[in-house]
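Numbering (this note's numbering), first residue to last: 10 to 492.
Every residue, glycine too, gets a C-beta built ideally from N, C-alpha and C.
Structural data, given as structure tokens:
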């Protein structure tokens, strides 16, 4: 099923859904108000009463662009971005970066980002990127990239600033709570995989969809093939922090799992362009527990809505983002492109969820709890060490500093330069004498701070596992590698 092209002179249309920012009220700047008033006065006072304020604006813009031709791109970017939260104008390089970011075909730091307020923040940190290695975390707000302020930048502008040539470095400053942290990261080839899975106990499988790229449906099909080999029909589908992507990928996955009927209904300004996507699946094979949160958006909401409305899934977690509008990407002959909101969609049962989100069947919030110190080897406070030493007492300290984000290197029982730097950072942060050595006072302070460290409790995952008859404690043991 295809959607008719409505602008013949434009070479390509790609329908996509992607959450990029929170909803915000638009305000006119003081500068605009000043110009608007003056042009208004001029049109009212001028001898020729036919001269309008809009005509003065038009002449001024035309004159400005004649004298400043390079400003046309800035004006186009500003104009499109002010239409709504999702419409944007792209130069050829911007457009390529945008496509690459969705399909994960770039050299970056390994993060998924989304706009929240004035800044873009991390909603997922990938295992194979440098962001994970240096200790960047979900929730970090990117405030500076290579000395450039990222306030009020779009997701694509921040993405463009971060990615680059393989092996090059980028300096990124993030806001974590009230603390500013600066990281130097090396750009790597980020994995193109958007679907991960794990076979759990109790004949339950766990699948995570990162976002909806061009290859996501093929990846998902391959995972189902593996599950079929093991006769698994109970699946926990994790779409938390999934910002969306290509509509077609979500529809293709729905065709594999959603029983016969409507998947999603798209509504356009011109009703002749409306399309309803259907599933022809005669019988659903799998039962799902779908995990969602406030960052589950767009294409992820389409798939979740179809699964929830059809009855094949219990949706667990928090109310989703609520982005039920469609963008189409238009590429122009000069290589520029623009993405503009052209339609909206309804769920299988006709629900309007824009600005509302999908309500879960079971509302569950993840919590935090203090770390269980008993699971870690004890520190022997009588054994003091410094750079160059080798001791069994070093590894327990490294483990604690790693959990707290101070140490991010190897877990060997050698006091290396990285550990010395981590100990210095810790000592400075706690007002201790910065020796870089693990003396008794420093080790006691490390243990005290570690005991107060909070870790996330994935209540949503536990609820999903138990909904299939599993036991939470058994799952915890399985995930921690215990028998």
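Judged by DSSP in its simplified three-state form, residue 160 adopts coil rather than helix or strand. Looking from the CA of residue 95, the closest CA among 43, 352 and 258 belongs to 352.
The DSSP assignment places 308–319 as complete runs of the alpha helix (DSSP H) inside the segment 285–329, in order along the chain (cut-off: 4 residues). Taking one beta carbon from each stretch, the segment 341–349 and the segment 95–107 have 3 or more pairs nearer than 8 Å; the two touch. Excluding five sequence positions before and after residue 375, the CB atoms of its chain that fall closer than 7 Å to its own CB belong to 465, 466, 467, 468 and 469, given in chain order.
Scanning 86, 439 and 445 for the CA closest to the CA of residue 454 turns up 439. Restricted to the segment 359–401, the beta strand (DSSP E) segments that are unbroken, complete and at least 3 residues in length are 376–379, listed in chain order.
With respect to the 7 Å criterion, residue 207 and residue 262 are not classified as neighbours on the basis of their beta carbons.
Contact between the segment 162–178 and the segment 118–128 is established, with three or more Cβ pairs separated by less than 8 Å.
With 16 or more other Cβ atoms from the protein chains shown falling within 10 Å of its own Cβ, residue 332 counts as buried.
Here DSSP, grouped into helix, strand and coil, assigns residue 486 to helix. Non-local beta-carbon contacts of residue 390 in its own chain, meaning distances under 7 Å to residues more than five positions away in sequence, involve 449, 452 and 453 in chain order.
With the rule of 3 Cβ pairs closer than 8 Å, the segment 309–326 counts as touching the segment 366–381.
With contact defined as three or more Cβ pairs closer than 8 Å, the segment 270–290 and the segment 213–220 are not in contact. In the DSSP assignment, no residue is bridged to residue 48.
Contact between the segment 75–84 and the segment 136–146 is absent: fewer than three C-beta pairs spanning the two stretches fall below 8 Å.
Between residue 305 and residue 249 a beta carbon distance of about 6 Å is seen, short of the 8 Å cut, so the two are scored as contacting. Fully enclosed beta strand (DSSP E) runs of no fewer than 3 residues occupy 243–247, 253–255, 270–277 and 284–288 of the segment 218–296, in order along the chain.
Between the C-alpha atoms of residue 322 and residue 223 there is a straight-line separation of about 24 Å.
For residue 350, the enclosing beta strand (DSSP E) covers residues 346–355.
Per the DSSP secondary-structure output, residue 117 pairs in a beta bridge with 197. In this structure, the CA atom of residue 158 is about 18 Å from the CA atom of residue 148.
Contiguous alpha helix (DSSP H) elements confined to the segment 399–425 occur at 403–412, taking only those with 4 or more residues. Between the alpha carbons of residue 82 and residue 103 lies a gap of roughly 12 Å.
A Cβ-Cβ separation of about 6 Å places residue 483 in contact with residue 210 under the 8 Å criterion.
A direct Cα-Cα distance of roughly 33 Å separates residue 87 from residue 360. Per DSSP, reduced to three states, the secondary structure at residue 130 is strand.
In this structure, the straight-line span from the alpha carbon of residue 247 to that of residue 302 is close to 10 Å. Beta-carbon to beta-carbon, residue 462 and residue 387 are separated by about 16 Å, too far to satisfy the 8 Å threshold.
Non-local beta-carbon contacts of residue 416 in its own chain, meaning distances under 7 Å to residues more than five positions away in sequence, involve 407, 410, 427, 428 and 431 in chain order.
The shortest CA-to-CA distance from residue 265 to any of 297, 307 and 402 is the one to 297.
When DSSP reads this structure, residue 185 sits in a beta bridge with 188.
The Cβ-Cβ distance between residue 167 and residue 151 falls below 7 Å. When only Cα atoms are considered, residue 283 and residue 255 end up about 17 Å apart. A Cβ-Cβ contact shorter than 7 Å links residue 398 with residue 424. Under the three-state reduction of DSSP output, residue 431 falls in the helix class.
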